[in-house]
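Only one structure is covered here, and it is reproduced in the block below.
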Amino acid sequence: MRTDTPVTIHRQDYAPPAFLVDRVGLEFRLDPAATEVRARLALRRNPAAAADAPLRLDGDGLALQEARMDGTVLPPERLVFGADGSLTIADPPASGLLETLVRIAPEANTSLMGLYTSGGNFYTQCEAEGFRRITFFPDRPDVMSRYTVTIHADRLRCPVLLSNGNLVEQGGEGATHWVRWEDPHPKPSYLFALVAGDLVSVSDRFTTRSGREVALHIWVRRGDESRCGHAMDSLKRSMAWDEEVFGLEYDLDVFNIAAVSDFNMGAMENKGLNVFNTKYVLASPESATDGDWQGIETVVAHEYFHNWTGNRVTCRDWFQLSLKEGLTVFRDQEFSADMGSRAVKRIRDVRGLRAAQFPEDAGPMAHPVRPDSYIEIDNFYTPTVYQKGAEVVRLIHTRIGAAAFRRGMDLYIARNDNQAVTIEDFVRAMQDASGIDLSSFMGWYDQAGTPEIAAEDRYDPAARRYTLTLRQQTPPTRGQADKRPVPIPVAMGLLGPDGREQPTRLASENAAQSGTRTLLLEAAEQSFVFEDVPAPPVPSLLRGFSAPVRLRGVPRDRLRFLAVHDTDPFVRWESGQQYAASVMLEMVAAQQRGEALGFDAALAEAVANTLAAADADPAFAAEALVLPGEGFLADQMEIADPVAIHLVRRHLRAEIGRRCGPALRATYDALADHGPYRIDGASIGRRALRNACLAYLTAAGDTALAKAQFDAATNMTDSLAALALLADGDGPAREAALASFHARWRGDDLVLDKWFAIQAMAARPDAIAQVRALQAHPDFDLKNPNRARSLIASFAAGNPSQFHDLSGEGYRFLADAVIALDPVNGSIAARLVGPLGQWRRQSAARGALMRRELQRVLDTPDLSKGTFEKASKALL
Ligand code: B3K
Ligand code: ZN
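In terms of this note's numbering, the numbers along the sequence shown are unbroken and rise by one, the last being 1009.
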């Protein structure tokens, strides 16, 4: 158990920083075991803070060698060290130059926060609070400074020395050399970066529309150069897109990306020097799937877009995190939609939101997009802050329209450039640019929980009048029992009995409108009256998923109708999914009662229709073919039954595979790719559809086809799709395929991650024994976040029927992993706790076992505060 109770930070307690730091000079002497960091801070009292506020500098694990103020050594009695690692300087002057020298050990840093080594090279990660592990500093985003960074290092071990901004000087003789980087833009400490080592670059150029020549470099380990093309291409397309869509240009002469295989998350937007997980840089057709390909495009764009939304305009405090993350996710979503199929992109994003954010919003870690408190900010880089945050930006976009949104962005940046601001500043800019009162939209930022809406309608044939009543309510979440209504834009249309879209006229309007319109549901209940409606219509609601809500109670006959006829592709897909979900949930109930599992022929019919029309848009067809996932179904149940859900889904897949066998096989054969391998939207869509067919055919018992595809595959998408299906089954084909895949890819970390993940997610009765055995595999490395996630998180989050095995062994495995990982990397350990927190949604027997494991985690000595926060909140 922790002996202290970690401090909770509250949003309401915000106070401006006591001191500002206008300039920072950093000087590094790099050494894996003992790096020296000399910092010169030009400080002055913040006129906006109390005149006697102390000069407190954050620090974490720093060994102070010396400290001077304006050249004079500070005596020990003026240096007050806090238990949290901080340093307070007694009797500070109103302004002055503080110089400190500290020593740190990058090679001993397994947390991957601050300065650390990976493969003998040096990398940093500072967001959110890692800079304090490098030097003493007011490590908070509202202290923005201009940085000059000098790096000294061994010339042979570290030929490449990088930091933010522009390279301004270099030199050195003999074994060591040095470089100096200057970043002309003021920035918060979390955007500081340093990369040094034996790296090679793939380079290109981009000319901005005002004529700035930008050198682009992607820095990788020797041998990885040939796999950077897609990342570079994505970067150039992102730069062009941001100019075209938002008028935002890059603002330095160089843009560096460094790829590292030990990294806590996807990537980091440090000013001018993005650091990326290799997973989001390196790709070749043989080694990366289409999903990886799309992930690279998205993440490269996301980090690049942060240059304006995050870096030039940053967050006042970490409660405002969604100011940069929600907005930047919205921007990367729009970018990807413009690069490929908008409808398919939207479907995927909504799938992701429902898989991760909806359960979070209904669980113990539910928090508003702008949280009110935290213990460890690292725990709040969540689907709620990112994905729901992006949905809220989208709501505003929908409400005020694209043109006003663009004006709002211009205003937001013009007003707030080089400042650390709040979510109110963003909403105010959108409001001022549009002239539309957006004050009630703050409810979306301040209330946790997923709003539920329901529709009721009435048709009056004599008056040709149609009345649509919409109701909303948000379920209570911890600490927020009563919720007020939020403004919900409901994009909608009306379909006539013939399935055709009808023009609509509200009673308040003079003329009818054609196509989609948006109703604004602001109250708990509101009625919308449509005139001149010739026949009882079917309403198509929430087109394009116009708000992150749960739409309840659409009758099945309407779902079937909409799935076939609606003009909006999202609603067509959604209605098919909701129809299938409602059938499946009924089957789960039957399974629980011990009744035989029937089959709803409409599901096979829908698959047949999808296949018949698949030519027009294979990627959409692939999305439509996939049955709702196990997590999505569990999230619809008060008390989930992961085993019954799994059985039902497997049963249905086999049944559909049998009933639609010939059509599935015909589509599968017709889509065989004989030409050269191509990565474009159309080719990706065809592979997705073909592999969706393969999944049904395999479920129906034809494993020979998967084996043949695995043996013949020349790209990772097809190879992995087949391997996953084989790994789910039994028999010699399984073992042979896994062994040959391992033998072929043993030298490639990113592919080996897939090999671990596929086995962790195989829903076989021996899954727990398998993951335990894999943990002892020589290629397993708990210290590497990608590898740890590929086994542990893939099992706990991606294999629900086995994770929730009634023996409780799945829970024990996860808790053991958290306990082992916590002292190594607390931030990854904390993120693994999540699945155990869902105990309230499980049966009493499972819940008790889950709580026991959470308690065991909590009882562990010296737990990190992040893991403490997750485990203790989960138990509440
Ligand atoms: N801003 C980083 C995330 C940092 C996470 C720190 N625990 C990546 C991104 O969202 O772009
Ligand atoms: Zn981001």
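Ideal Cβ positions, reconstructed from N, Cα and C, are used throughout, including at glycine.
Verify the contact flag: residue i, CB atom, against every heavy atom of the ligand B3K, threshold strictly below 7 angstroms.
| i | result |
| --- | --- |
| residue 523 | no |
| residue 514 | yes |
| residue 397 | yes |
| residue 435 | yes |
| residue 261 | yes |
| residue 926 | no |
| residue 400 | yes |
| residue 450 | no |
| residue 511 | yes |
Hey, residue i and residue j are a contact pair by Cβ (cut 8 angstroms); roughly how many whole angstroms apart?
| i | j | result |
| --- | --- | --- |
| residue 330 | residue 293 | 6 angstroms |
| residue 517 | residue 490 | 6 angstroms |
| residue 588 | residue 674 | 6 angstroms |
| residue 221 | residue 213 | 4 angstroms |
| residue 856 | residue 891 | 6 angstroms |
| residue 374 | residue 468 | 5 angstroms |
| residue 158 | residue 202 | At roughly 15 angstroms, the Cβ-Cβ gap does not stay under 8 angstroms, so residue 158 and residue 202 are not in contact. |
| residue 409 | residue 391 | 7 angstroms |
| residue 598 | residue 525 | That belief does not hold up - the Cβ atoms of residue 598 and residue 525 are roughly 34 angstroms apart, past 8 angstroms. |
| residue 311 | residue 284 | 6 angstroms |
What residue range does the beta strand (DSSP E) around residue i cover?
| i | result |
| --- | --- |
| residue 707 | No beta strand (DSSP E) holds residue 707; the alpha helix (DSSP H) holding it covers 702-725. |
| residue 350 | 346-353 |
| residue 946 | No beta strand (DSSP E) contains residue 946, which is instead part of the alpha helix (DSSP H) from 942-954. |
| residue 321 | 309-321 |
| residue 289 | Neither: residue 289 is in no beta strand (DSSP E) and is coded neither H nor E. |
| residue 333 | 333-340 |
| residue 600 | 598-606 |
| residue 554 | 552-554 |
| residue 162 | 152-162 |
| residue 168 | 168-178 |
| residue 330 | 327-330 |
When you measure from the CB of residue i to every non-hydrogen atom of the ligand ZN, does any distance come out below 7 angstroms?
| i | result |
| --- | --- |
| residue 431 | no |
| residue 467 | no |
| residue 439 | yes |
| residue 377 | no |
| residue 461 | yes |
| residue 634 | no |
| residue 458 | yes |
Which two residues bound the contiguous alpha helix (DSSP H) that contains residue i?
| i | result |
| --- | --- |
| residue 998 | 998-1008 |
| residue 814 | 814-832 |
| residue 851 | 849-861 |
| residue 549 | 535-549 |
| residue 425 | 423-438 |
| residue 980 | 977-991 |
| residue 935 | 933-936 |
| residue 869 | 865-878 |
| residue 304 | Element bounds for residue 304: not the alpha helix (DSSP H) but the beta strand (DSSP E), 299-304. |
| residue 446 | Per DSSP, residue 446 belongs to no alpha helix (DSSP H); it is in the beta strand (DSSP E), 446-448. |
| residue 960 | 959-965 |
Segments assigned beta strand (DSSP E), at least 3 residues, entirely inside the segment 610-686 | 621-628, 650-654, 658-663, 671-674 and 683-685
Whole beta strand (DSSP E) elements within the segment 180-256, 3-residue minimum = 188-190, 196-202, 212-214, 220-222, 228-237 and 247-251
Please list the segments of the alpha helix (DSSP H) lying wholly inside the segment 452-487, counting only runs of 4 or more residues, in order along the chain.
-> 454-472 and 475-485
Report the residue ranges of all alpha helix (DSSP H) runs contained in full by the segment 344-418; include only those spanning at least 4 residues, in chain order.
-> 362-379
Would you mind listing the beta strand (DSSP E) stretches within the segment 481-523 that are 3+ residues and don't spill past its ends, in chain order?
-> none
Considering only residues of the segment 560-591, which uninterrupted alpha helix (DSSP H) runs meet the minimum length of 4 residues and lie entirely inside it, listed in chain order?
-> 575-579
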